[in-house]
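Here's the structure we're looking at; comments come further down.
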Amino acid sequence: MSVLALNDIHRSFEPGVPVLDGVDLTVNAGEVVGLLGRNGAGKTTLIHIAMGMLQQQEGTVEVFGLDPHRKPVEVKRRVGFVSENQNLPAFLRVREVIELHRGLFESWNDEMARDLVERFDLRPGARIKTLSKGQARQVALLCALCHKPELLLLDEPAGGLDALARREFLEASIQTLSDTGTTIVYSSHYLSDVERLAGRVVMLHDTKVLIDNSIDELHESFSIALVPHRPQGTSDALLALPECLGVRGRTDAVHAVFRLDPDDACALITEKLGVSDSVCRTAGLEEMFIEIAGGER
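Residue numbers (this note's numbering): 2 to 298.
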């Protein structure tokens with residue numbers, strides 16, 4: 002059963018300049034999905050549409066089979082949300098923020114809240130305005146987790162945190178809800194975090210979904226080809242191949258990302274371009290993202 006279903010989503014903020022142009026995304030119960038893309042690729046827009054915080058201009062959205070605009074209370078009771086720019090009331094104390102959220106959700110778990118206060122070393126009497134950025138984000142995460150949401154949406158939640166704080170933040174999200182079957186969708190610029198924690202990757206590029214595959218599929222069935230700068234027009238010839246996701250011209254060679262394993266990618270380049278000395282290999286998620294995001298398509 003799908004927890005989140007976005008179909009043919011269109012959204013622009015300026016006439017004729019689409020941010021999302023026909024995006025489809027279905028997330029099933031229990032999945033952990035990493036949402037990738039350059040700044041401005043539409044990750045936050047897509048999450049806000051899923052939350053009902055923003056209205057799509059075309060397409061349909063269903064969360065648990067409900068329209069988040071028509072049934073906002075029913076949806077939000079079952080969803081946890083944390084974003085990089087989320088602001089808690091600065092004048093409240095940590096315990097008051099927790100009590101406020103405790104009163105909103107019948108499913109609130111006091112034991113989980115106490116455990117996370119201890120794990121994050123939070124001071125219940127401290128006012129939000131006195132906390133560091135990381136501590137304030139931890140309070141927001143605690144409030145998102147402790148009503149045991151069926152869907153957790155994280156929009157760059159660990160942005161601006163150091164590596165240790167970021168790892169603790171994301172691992173707390175995954176581990177705390179690991180036994181509840183919660184579905185998690187999180188956007189991040191930290192590709193190593195996504196590769197380590199997600200089971201599936203969705204990449205937005207040029208207003209559309211370019212990649213939607215499991216981590217295992219990305220490791221086994223995608224490759225990067227280093228193609229010599231000959232003959233003329235190598236980049237255009239590579240881009241004309243439907244299996245090619247993007248190219249980037251480098252001093253050593255043209256780097257091309259293929260939706261093929263290395264052997265098949267090299268065979269295709271030899272057949273279609275007549276180039277037999279390309280080097281094709283698997284690559285990590287970060288390298289693949291850089292080649293796509295920094296190149297042409």
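Think of the CB as a built atom: it goes at the ideal place given N, C-alpha and C, for glycine as much as any other residue.
These numbers come from a predicted model, not from an experiment.
**Message:** Using a 10 Å radius around the Cβ and a threshold of 16 neighbouring Cβ atoms, would you call Ser133 buried or exposed?
**Reply:** exposed
**Spatially closest choice to Leu171 from Ser3, Ile212 and Ala159, by CA coordinates** = Ala159
**Message:** Once DSSP output is grouped into helix, strand and coil, what is the label at Asp116?
**Reply:** helix
**Request:** Look at the Cβ atom of Ile129, then the Cβ atom of Ala173, and state whether they are nearer than 7 Å.
**Result:** no
**Asked** When DSSP labels each residue in this structure, what does Arg197 get in the three-state scheme?
**Response** helix
**Request:** List the residues that DSSP assigns as beta-bridge partners of Asn40.
**Result:** Its beta-bridge partners do not exist; DSSP assigns none.
**Request:** To the nearest angstrom, report how far apart Pro69 and Leu146 are at their CA atoms.
**Result:** 20 Å
**Request:** Could you tell me the distance, in whole angstroms, from the CA atom of Ile212 to the CA atom of Gln56?
**Result:** 24 Å
**Asked** Is the Cβ-Cβ distance between Pro263 and Cys281 less than 7 Å?
**Response** yes
**Request:** Give me the Cα-Cα distance between Glu15 and Val248, rounded to the nearest whole angstrom.
**Result:** 28 Å
**Asked** Would you call the region 71-83 and the region 213-228 in contact, with 3 or more CB pairs under 8 Å?
**Response** no
**Request:** Could you tell me how far apart the beta carbons of Leu123 and Gln139 are, in whole angstroms, since I believe they sit closer than 8 Å?
**Result:** 7 Å
**Request:** Under 8 Å by Cβ, that's how I've got Ser222 and Arg260 pegged, so tell me the actual separation to the nearest angstrom.
**Result:** 7 Å
**Prompt:** For Arg94, which of Leu152, Gln136 and Asp207 has the nearest alpha-carbon?
**Reply:** Gln136
**Short Cβ contact (7 Å threshold) for Glu59 with His11** = yes
**Message:** To test your reading of the DSSP string, which unbroken alpha helix (DSSP H) runs of 4 or more residues are found completely within the region 152-192?
**Reply:** 164-177
**Message:** Am I right that His230 and Val255 are in contact with their C-beta atoms under 8 Å? What's the rounded C-beta distance?
**Reply:** 6 Å
**Prompt:** With distances taken from CA atoms, which of Trp109, Thr45, Leu242 and Phe121 is nearest Asn86?
**Reply:** Thr45
**Prompt:** What do you get for Pro150, buried or exposed, if any count of 16 or more other CB atoms within 10 angstroms of its CB means buried?
**Reply:** buried
**Prompt:** By DSSP, does Phe290 sit in helix, in strand, or in coil?
**Reply:** helix
**Asked** Can you tell which of Gly161, Glu169, Thr184 and Lys72 has the C-alpha that lies nearest to the C-alpha of His190?
**Response** Gly161
**Message:** What does DSSP give as the partner residue(s) for Glu63 in the beta ladder?
**Reply:** Ala6
**Message:** Using CA atoms only, rank isn't needed, just tell me which of Asn40, Thr27, Leu5 and Gly35 is closest to Val20.
**Reply:** Asn40
**Prompt:** What's the gap between the Cα of Phe106 and the Cα of His148?
**Reply:** 6 Å
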